[in-house]
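Presented below is the structure to which this report refers.
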Amino acid sequence: MQEYVTDAIVLSVHSRGETDRLIGCFAKQLGRIEARMIGGRKPLSKLSPHCTPGGLVTIRLVEKNQLTLIDALQIPPSRLPTPAALRAIMLVRALAPKGVPDGRLWETLKRSLNEEEKNTEALFRILGYDVTAASCEACGDTPVSLFSVPHHEFFCDRCGARLPEHEVVYC
Ligand SMILES: [Zn+2]
C-alpha cells in the first residue's frame with residue numbers, strides 16, 4: 185500500500201453512494217487525480233469542510249486498487265474562488281491528463297487562485313491549445329472568444345452565443 189502526502193487544488197467534489205464522496209484534485213506530485221473520501225457525506229466528516237472546489241489543501245492519500253483520501257488540511261488563506269479561478273479549475277478538470285504531474289500547470293493554476301489577473305491563455309498553452317492560432321469551429325472566423333469545455337472546441341463571439349453558459353470558458 186502506497187502512501188502520498190502532497191499539496192493539491194480541489195477541482196470537484198461529487199457524492200458517491202450513501203455516505204462517500206469522490207474528490208477530484210490537481211496534486212503537485214501526482215497531477216490530476218480522483219480519490220474516494222470515505223464517509224465524506226456524513227455531517228461530522230472531518231475532511232469535507234477542507235475540500236471545496238478552488239481550495240488549496242495538503243492531502244494524505246493511500247493507494248490500494250484506488251486512491252483514498254485519509255487526511256486533508258486547508259492551506260490558508262481560505263477564500264471563495266474568484267470567477268477567474270473557477271474558469272481555471274474548469275479547464276484543468278476537463279483537459280489535464282489523469283496522473284501526469286506538471287509543475288508548470290501546478291504553479292499557473294495556483295496563481296490563478298490568488299490573483300484577479302486573467303491567465304486563461306497561459307493555462308490553455310500549457311494544456312496544449314494555442315488560443316491565438318485557433319479559429320472558430322463553426323464558421324472559421326478569427327479571433328476566437330470562447331472555448332466549449334465538453335467539446336474541446338473554440339468558437340467566435342457570434343457562434344459561441346448559442347452555447348450554454350456553464351459549458352464555456354472565455355479566452
Ligand atoms: Zn464562428
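Residue 185 is where the sequence shown starts when you use this note's numbering, and the numbers rise one by one after that.
All C-beta atoms in this analysis are idealised placements derived from N, C-alpha and C, irrespective of residue type, glycine included.
Just so you know, these numbers come straight off a predicted model, no measurement behind them.
Note the first and the last residue of the continuous alpha helix (DSSP H) segment covering residue i.
i      : result
Val276 : 267–279
Under DSSP, the beta strand (DSSP E) around residue i begins and ends at which residues?
i      : result
Val194 : 186–200
Glu218 : 215–221
Express the C-alpha separation of residue j and residue i in angstroms, rounding to a whole number.
i      : j      : result
His336 : Thr316 : 16 Å
Thr292 : Met185 : 31 Å
Met221 : Ile193 : 15 Å
Gly287 : Lys212 : 7 Å
Val246 : Thr252 : 5 Å
Ser229 : His198 : 14 Å
Leu297 : Thr304 : 12 Å
Cys355 : Cys320 : 12 Å
Lys294 : Ser332 : 23 Å
Ala272 : Pro285 : 17 Å
His350 : Gly344 : 12 Å
Asp191 : Cys323 : 42 Å
Arg225 : Asp204 : 5 Å
Phe339 : Pro327 : 9 Å
Pro348 : Leu275 : 16 Å
Who pairs with residue i in a beta bridge, going by DSSP?
i      : result
Ile207 : Val197, Ala219
Lys282 : Arg216
Ile243 : Thr190, Ala256
Lys248 : Gln250
- [ ] Quick one: which unbroken beta strand (DSSP E) runs of 3-plus residues sit fully inside the stretch 290–345? Chain order, please.
- [x] Qualifying beta strand (DSSP E) stretches, in chain order: 330–332, 337–339.
TODO: With a cut-off of 5 Å, give the chain-ordered residues whose Cβ is closer than this to any heavy atom of ligand 1.
DONE: Having a Cβ closer than 5 Å to some heavy atom of ligand 1 are Cys320, Ala322, Cys323, Asp325, Cys340, Cys343.
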